[in-house]
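If you're matching positions, the sequence shown starts at 261 in the numbering used here and goes up one per residue. Each remark here refers to the structure printed beneath this line.
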Amino acid sequence: MDIKKVYGGLDPYATNRLQENQRAQQDQAVNRQNSPAEQNTGDKVALSPEARLLGATMVAANAAPDTRAEKVRTLKEQVQSGTYKPDIKKAAANLIRDDVNLIR
Numbered sequence: 261m262d263i264k265k266v267y268g269g270l271d272p273y274a275t276n277r278l279q280e281n282q283r284a285q286q287d288q289a290v291n292r293q294n295s296p297a298e299q300n301t302g303d304k305v306a307l308s309p310e311a312r313l314l315g316a317t318m319v320a321a322n323a324a325p326d327t328r329a330e331k332v333r334t335l336k337e338q339v340q341s342g343t344y345k346p347d348i349k350k351a352a353a354n355l356i357r358d359d360v361n362l363i364r
């Protein structure tokens, strides 16, 4: 079975499961090398490069420090207190910039 794409939410335990799965795959590879071919009748799973990249990306994202946490907290407090006044022109310019970048 080939898994072409893996979709899922951000799960704080995904890193542990990914590492456990990688260890299990390594153990299975070692067992296959050490056992006779006729005993190797189990299922086989092969991950696509995209799935491996997604897994590595999730591990890196979970390991990265949250440098914007303070800014998010401040903005959240401003929204809750009703004092947040966004710059509409800046937001519109960013939306247009993003749309142009998608076309390129």
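Ideal Cβ positions, reconstructed from N, Cα and C, are used throughout, including at glycine. Because the structure is a prediction, the values reported are computed rather than measured.
For residue i, which residues of its own chain have a beta-carbon under 8 angstroms away from its beta-carbon, when the five flanking residues on both sides are left out?
i	result
THR317	none
What residues in its chain sit with their C-beta under 7 angstroms from that of residue i, if we drop five residues either side in the sequence?
i	result
LEU335	TYR344
If you measure between the beta carbons of residue i and residue j, is that distance less than 8 angstroms?
i	j	result
VAL319	LEU278	yes
Taking the continuous alpha helix (DSSP H) assigned at residue i, which residues delimit it?
i	result
GLY315	309 to 323
LYS331	329 to 341
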